[in-house]
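*Asks:* Protein chains in written order, with our numbering: chain A, 7 to 199; chain B, 7 to 199. For glycine and all other residues, C-beta sits at the position ideal for the given N, C-alpha and C.
Protein chains: 2
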Amino acid sequence: MQDHPQTYASATPSLVSFTGQLQGEWTIRSMETLTGASLPIAQALHVASADALAGPVSWRLTAFTSNLRYTTAAEASMLQARQSGLGRSEAVHGALIPIQKNAAWWALAQDERREIYQERSRHTSIGAEYLPQIARRLHHCRDLGGPFDFLTWFEFAPEHEPLFDQMLARMRASEEWRYIDREIDIRVVRNAA
Amino acid sequence: MQDHPQTYASATPSLVSFTGQLQGEWTIRSMETLTGASLPIAQALHVASADALAGPVSWRLTAFTSNLRYTTAAEASMLQARQSGLGRSEAVHGALIPIQKNAAWWALAQDERREIYQERSRHTSIGAEYLPQIARRLHHCRDLGGPFDFLTWFEFAPEHEPLFDQMLARMRASEEWRYIDREIDIRVVRNAA
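#1: Assuming contact is defined by CB atoms lying nearer than 9 Å, are V22/B and A69/B in contact in what I supplied?
#2: By DSSP, does R75/A sit in helix, in strand, or in coil?
#3: Output the residue ranges of the beta strand (DSSP E) runs that lie fully inside the stretch 114-165 of chain A and measure 3 residues or longer, sorted by chain position.
#4: Give every residue of the same chain whose Cβ lies closer than 7 Å to the Cβ of A48/A, excluding the five residues on either side of it in the sequence, and list them in chain order.
#5: With 9 Å as the limit, tell me which residues of the stretch 149-160 of chain B have their beta carbon closer than that to any beta carbon of chain A; keep them in chain order.
#6: Please tell me whether W112/B has its Cβ less than 9 Å away from any Cβ of chain A.
#7: Indicate the three-state DSSP secondary structure (helix, strand or coil) for S83/A in the structure shown.
#8: Could you name the residues of the same chain whose beta carbon sits closer than 7 Å to that of T39/A, not counting the 5 residues immediately before and after it, in chain order?
#9: Using the Cβ count rule (16 or more neighbours within 10 Å means buried), how would you classify T41/B?
#10: Would D149/A be called buried (16 or more neighbouring beta carbons within 10 Å of its own) or exposed?
#11: Would you give the residue range spanned by the beta strand (DSSP E) that P104/B belongs to?
#12: Helix, strand or coil: which one does DSSP assign to A69/B?
#13: Does any residue of chain B bring its CB to less than 9 Å from the CB of Y14/A?
#14: Between L74/A and chain B, is any beta-carbon pair separated by less than 9 Å?
#15: Residues of chain B with a CB under 7 Å from the CB of Q116/A: which are they?
#16: Quick one: Cα of H52/B to Cα of W112/B, how far?
#17: Using the beta-carbon of each residue, which ones in chain B are nearer than 9 Å to F162/A?
#18: Would the stretch 152-166 of chain B and the stretch 179-194 of chain A be scored as touching if the rule is three or more Cβ pairs under 8 Å?
#19: Who are the near neighbours of E165/B in its chain, counting only those whose CB is closer than 7 Å to its CB and skipping five residues on each side?
#20: Measure from the C-beta of L144/A to each C-beta in chain B and report whether the shortest distance is under 9 Å.
#21: Is the beta carbon of T71/A closer than 9 Å to that of H145/A?
#22: In terms of residues, what are the limits of the alpha helix (DSSP H) holding E167/B?
#23: Touch check for the stretch 128-143 of chain A and the stretch 81-101 of chain A: three-plus C-beta pairs under 8 Å?
#24: So, is the C-beta of F24/B closer than 9 Å to a C-beta in chain A?
#25: P168/A to N197/A, Cα distance in whole Å?
#26: Can you name the residues of chain A whose CB is closer than 8 Å to the CB of A82/B?
#27: Give the range of the beta strand (DSSP E) segment to which W183/A is assigned.
#28: Below 8 Å on the Cβ atoms is my guess for L74/A versus P104/A; work out the distance and round it to an integer in Å.
#29: Taking the alpha-carbon of R178/B as reference, which of P46/B, V195/B, Y123/B, S44/B has the nearest alpha-carbon?
#30: Are there 16 or more other CB atoms within 10 angstroms of the CB of A101/B, so buried, or fewer, so exposed?
#31: Counting only beta-carbon atoms, is G100/B nearer than 9 Å to chain A?
#32: If we cut at 9 Å on Cβ distances, does F170/A have a partner in chain B?
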C-alpha cells in the first residue's frame, strides 16, 4: 500500500495495534477476505498506539509507521499538499486492509519494486486522485514476523465510500496486485462518543 | 550501510541477536566509539539467530535481515557475482558496526536517500571494490525501536584488515556519513573451535 505522506515530515517509527474484539471505538460493519486465509470474527475494532488493552480479543495485528519506501520528494510534496489527516469529524467510516505480498515481490530489487508499484501500477498516482476525501495511514509489519506485510488504515465520510470502492477496484486490477497472497477488507463505523 | 546482496535471492526477514558478554564464540579485540554514546564493556560477542542465551550479558542488539532498500537489480547482480559468504574458515576476524542515522536522514524521501547513498556517496560501489575479501551482512533495527538503525556484520581474514580499514575510511569521509549520529566499531577474533 502507499507510503503515508505524513511520514515525510515525521518519520519516527511508531507502533500501532489494531485489535478485533467485542467492544471498541469502531464497530465492524463487514469483513471480506479477498485472497488467502481470513481472520476470526470480531464485533469491534480498537486502534491504539499502546498494547495495554482489556477484554477478550479475537485477533491483534501490530505494525509500525516508518520512513518512505518508494515515494519520491516530488510525490511526497504533491501528497502533502492534498492530503487530509486522521480523526476528521465527518470521517466516521473506516477500513483496515491487511495485505501480504508474496516471496517473488520481496525477492525483487528496489528499482524493480518501484517500477511495478508506481511506473506500471500507478499506486501513488491513483491514491492521490482520492485525496483529500480518503485519508490513510500505512503501517509496516513484515519485519515483525507477523502474518501480514502491511496494514493500511483509511478514514472517510460515508458519502465517499463509493469513491473508496472505486479506488480499491483500480488498485486491485493493477500489476502490483498480482503479488498479493492475502488481503482482507475490514469496514468499520465509528461509534458515537 | 549497504544492503546485503544475499537478500536479493532470499529476502525473508530473520532476527539476529548480537550479544556482548563474558564468553562467546568471538573475543572482542577492540571497541571504538566514533560518534555518540558508547556501549558497556564486554569480553566476547555472541551471534545467534535465537535469543535463548545463557550467562551474564553486557548488552544485546537485535535486528533483522530484510529485503533490499536501495540496491538496484543491476547492482545486486554485480554484488552476487563478487561476494563471499559468512563462515569462511580463513575469515577469523570480524567487525560489528552499529550505526544510528539522524532525523534529517529519515525525513528524506526515497529518491533523496538513494541519491546521497549511492549517486553521491558511492556506498554500493565502494563496498563492491572490497569483495570478495570483506564479507558482510546487513541487519535493520530502526523499526524495532532500539537505539541503533543498522547493525552491519563483517568477516575477513586478518591480512585483509588494512583493506577493511581503508574501506571504512572512504565510507566515513562520504556525504552519507554526515547523517550518522552514533557509530561504534567493534572488532572481534573468532575463538578456536
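*Replies:* Straight from the coordinates:
#1: Yes, they are a contact pair.
#2: Coil, per DSSP.
#3: Within the stretch 114-165 of chain A, the complete beta strand (DSSP E) runs of at least 3 residues fall at 141-146, 156-162.
#4: G26, Q27, I34, S64, W65.
#5: Residues passing the 9 Å Cβ filter: D149, L150, G151.
#6: For W112/B, at least one C-beta of chain A is nearer than 9 Å to its own C-beta.
#7: If DSSP states are grouped into helix, strand and coil, S83/A belongs with the helices.
#8: Within the same chain, and ignoring the five residues on either side of T39/A in sequence, the residues whose Cβ sits closer than 7 Å to its Cβ are I190.
#9: Exposed is the call here.
#10: Buried: at least 16 other Cβ atoms inside 10 Å.
#11: For P104/B, the uninterrupted beta strand (DSSP E) run begins and ends at 99-107, by DSSP.
#12: Residue state, collapsed to three classes: strand.
#13: Unreliable placement is indicated for Y14/A, whose pLDDT of 44 sits below 50; no coordinate value is reported for it.
#14: Closer than 9 Å: yes.
#15: Q116/A reaches chain B at L74, R75, Y76, T77, T78, counting residues in chain order whose Cβ is nearer than 7 Å.
#16: Rounded to whole angstroms, the separation of the alpha carbons of W112/B and H52/B is 30 Å.
#17: Per Cβ cutoff of 9 Å: no residues; F162/A is ~26 Å from chain B at best.
#18: Output reads no: the stretch 179-194 of chain A does not touch the stretch 152-166 of chain B.
#19: The beta carbon of E165/B sits closer than 7 Å to no other beta carbon from its chain once the five residues preceding and following it are set aside.
#20: It does not; no Cβ of chain B falls within 9 Å.
#21: Cβ distance < 9 Å, so H145/A and T71/A count as in contact.
#22: Unbroken alpha helix (DSSP H) run through E167/B: 167-178.
#23: These segments touch.
#24: No, F24/B does not count as interfacial toward chain A.
#25: Distance between the alpha carbons of P168/A and N197/A is about 21 Å.
#26: Within 8 Å Cβ-Cβ: A115.
#27: For W183/A, there is no enclosing beta strand (DSSP E), as DSSP marks it with neither H nor E.
#28: Their Cβ separation, rounded to whole angstroms, is 21 Å, which puts L74/A and P104/A out of contact at 8 Å.
#29: Of the candidates P46/B, V195/B, Y123/B, S44/B, Y123/B places its Cα closest to the Cα of R178/B.
#30: Classification of A101/B: buried, given that the 10 Å Cβ count is 16 or more.
#31: Closer than 9 Å: no.
#32: F170/A does not count as touching chain B.
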